[in-house]
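**Student:** Numbering (the numbering used here), first residue to last: 33 to 367. Dropping a structure here in structure tokens format, bear with me for questions.
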Ligand code: NAD
Ligand code: WQD
């Protein structure tokens, strides 16, 4: 069985291609390389000893998408292709709505014309907006606090409406918490362009000497040590979650949403301490003011995925920091 993986050379898409391939599902990778290196392809082959088919293309190119889907008899689409920087989305909202929302509509049009009925969508815990209660379950009200978040809310709504209009179609929205970590081989991981926005890559680049220190954004939150608490999930667990969601719903239709998180929160200082232990060296940090838009605490109720998909995270914080360090120290400049 072949599936199209849009955004398949990116951080989460590439790890999911490995998990799909391991499960006997053949990923056809489709990516415009706007935030990925072509060298990822070689790494995938090194790790899996399989060759992967790659098509360079944009999800806003309907003709190309239809051609690939028909040519490969695609059975489902895994849709990772999006821009994802929160701050940038506030500065360039139209670019984000065009790429993430218009792009998803074009992708759905192409699927409709090619007769592809299933989509697995990369959503985010950002669709819960400011948490009204914790842990966050799938019934928590949906909202957003920035244009990036709104693109996820909008695409989820479009997927729901699309399933209403076409009874045979299936859309699974996977709401990721904070994906971190790398492939345990150290051959594949996250390599953000420029200065990292997210905590784990910033810590990793500091540990490897590319950055002087980590700024800890706020230590006066209502959390055990005053720093922000998040639900970090290992990329290998996250990737497996996609395969389990897809295989569990082979015969189903409609719109389904699942949290993919561990249910366990860690503070910024917890992560810095764990990383220092994995790297065997101090990670310098300085306390800094709160980052605007941040909440104190955010973690998942991941019980629905356990109940319906028989999926749960198996890797802990030390696996996340060890694997990130192995990748970062092997490829300090990324791929
Ligand atoms: P990433 O940037 O590493 O991967 C996205 C991939 O999509 C890149 O390879 C990029 O080149 C490609 N792409 C972007 N726009 C495209 C387009 N128009 N046409 C074709 N390809 C395009 O990001 P990631 O961290 O792997 O995230 C994957 C998905 O998961 C995204 O939808 C993101 O919003 C979502 N997500 C990520 C996180 C996170 O913290 N990393 C959390 C929640 C949700
Ligand atoms: C984690 C914690 C920061 C950097 C973002 C998006 C979200 C989702 C995942 C896509 C917070 C603190 C961070 C630093 C710090 N992405 N921090 N120093 O903000 O929880 O979520 O990525 O869907 O939509 O908003 O992740 O890694 O940026 O921050 O102290 O240099 O680390 O304040 O408490 P966040 P993050």
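Beta carbons: idealized from backbone N, C-alpha and C, even for Gly. Values in this document were obtained by computation on a predicted structure and should not be read as measured data.
Looking at ligand 2, does it come within less than 6 Å of residue 269, judged from the CB to the closest heavy atom?
**Tutor:** no
**Student:** Is it the case that the CB of residue 230 approaches a heavy atom of ligand 2 more closely than 6 Å?
**Tutor:** Within the chosen limit of 6 Å, ligand 2 reaches the beta carbon of residue 230 through at least one heavy atom.
**Student:** Where does residue 97 sit, in a helix, a strand or coil, going by DSSP?
**Tutor:** helix
**Student:** Return the CA-CA distance between residue 35 and residue 104, expressed in angstroms with no decimal places.
**Tutor:** 8 Å
**Student:** Taking only heavy atoms of ligand 2 into account, decide whether any of them is closer than 6 Å to the Cβ of residue 92.
**Tutor:** no
**Student:** Which stretch, first to last residue, makes up the beta strand (DSSP E) that contains residue 203?
**Tutor:** 202-208
**Student:** In or out: residue 143 buried (at least 16 other Cβ within 10 Å) or exposed?
**Tutor:** buried
**Student:** Looking only at DSSP bridge pairs, what is residue 287 linked to?
**Tutor:** 203
**Student:** Could you tell me how far apart the beta carbons of residue 341 and residue 276 are, in whole angstroms, since I believe they sit closer than 8 Å?
**Tutor:** 5 Å
**Student:** Does the distance from the C-beta atom of residue 334 to that of residue 291 stay below 7 Å?
**Tutor:** yes
**Student:** Tell me where the alpha helix (DSSP H) around residue 197 begins and ends.
**Tutor:** 179-197
**Student:** How is the alpha helix (DSSP H) around residue 351 delimited, first residue to last?
**Tutor:** 349-362
**Student:** Please report the straight-line C-alpha distance between residue 100 and residue 151, rounded to a whole angstrom.
**Tutor:** 16 Å
**Student:** Say yes only if the C-beta of residue 116 is nearer than 6 Å to one or more non-hydrogen atoms of ligand 2, and no if none qualify.
**Tutor:** yes
**Student:** According to DSSP, residue 125 sits in a beta bridge with which residue or residues?
**Tutor:** Paired residues: none, contrary to the question.
**Student:** For ligand 2, is there a heavy atom less than 6 Å away from the beta-carbon of residue 210?
**Tutor:** For residue 210, the distance from the CB to the nearest heavy atom of ligand 2 is below 6 Å.
**Student:** Sorry if obvious, but does the Cβ on residue 308 come closer than 6 Å to a heavy atom of ligand 1?
**Tutor:** With a cut-off of 6 Å, the C-beta of residue 308 is classified as distant from ligand 1, since no heavy atom of the ligand falls inside that distance.
**Student:** Measuring alpha carbon to alpha carbon, tell me which of 160, 224, 286 ends up nearest residue 199.
**Tutor:** 286
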